[in-house]
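Residue numbers (my numbering): 97 to 343.
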């Protein structure tokens with residue numbers, strides 16, 4: 097077997113220099129990081145990230161127009177195999193082609209459901225605590241949620257280091273029967289390694305409902321469940337208890 101195929105006999109400093117040259121060749125002329133799909137190539141054969149080239153009419157390096165031809169498959173495979181800096185600002189983690197880091201990265205931007213604040217996912221809890229001090233942040237322990245004089249309640253949850261937005265929405269509201277929809281949305285700060293279980297109970301006088309369900313962690317997906325609601329006519333409110341556990 098050829099020794100170069102295994103790299104066993106190649107000096108480490110030579111490997112490092114060669115790898116650095118490949119990284120230099122693969123560097124986008126705009127962001128100066130390893131070019132990302134969909135790769136764009138100019139007529140002078142310089143490459144750019146597809147996103148970086150969107151507002152450009154010509155290559156920044158040689159001022160030549162972009163080519164309509166797609167880069168060779170071999171080049172795409174090499175670029176895909178190279179480590180890339182996470183695309184989210186200030187992260188600093190290098191990822192490979194099959195890495196899920198960017199989906200779960202805590203530096204990805206998110207929007208506060210209580211205001212127009214936009215910032216890194218990892219800062220959402222501190223934002224809510226500092227800018228919305230009157231809002232209760234529920235935890236994994238038993239929490240009481242009351243819906244009174246409104247059909248939709250939005251509240252934050254911080255359980256076992258994970259942040260969720262939750263919405264209780266009363267639908268088909270009348271004096272006989274109602275349905276409540278609970279919607280949960282995870283704001284990731286790293287990929288979860290454990291399963292979470294939500295237990296919701298609801299009661300009024302002799303009427304009682306209890307449900308326990310597993311939360312399925314999927315980035316950008318709302319978890320949605322509906323259950324019956326019992327209206328307290330005396331206090332004009334719905335009362336729910338919620339507990340979160342790991343199993």
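Ideal placement from N, C-alpha and C gives every residue a C-beta, glycine not left out.
Taking a cut-off of 8 Å for Cβ pairs, the segment 191-204 and the segment 139-153 do not touch, as fewer than three such pairs fall below it.
The C-beta distance from residue 263 to residue 248 rounds to 6 Å, short enough to fall under 8 Å.
For residue 255, there is no enclosing alpha helix (DSSP H); the enclosing beta strand (DSSP E) has its first and last residue at 248-255. Residue 137 and residue 166 have their C-alpha atoms spaced approximately 7 Å apart. According to the DSSP assignment, residue 307 belongs to the beta strand (DSSP E) that extends over 303-311. Sixteen is the threshold: since fewer than 16 other Cβ atoms of the shown chains lie within 10 Å of the Cβ of residue 186, the residue is exposed.
If you draw a straight line from the Cα of residue 143 to the Cα of residue 308, it is about 52 Å long. Straight-line spacing of the CA atoms in residue 314 and residue 285 works out to 13 Å. If one requires a minimum length of 4 residues, the alpha helix (DSSP H) runs lying completely within the segment 145-228 are 169-177, 197-200 and 220-227, in chain order.
Between the segment 210-224 and the segment 235-243 there are fewer than three C-beta pairs closer than 8 Å, too few to call the two in contact.
Judged by DSSP secondary structure, residue 282 falls outside any alpha helix (DSSP H) and instead within the beta strand (DSSP E) spanning 274-283.
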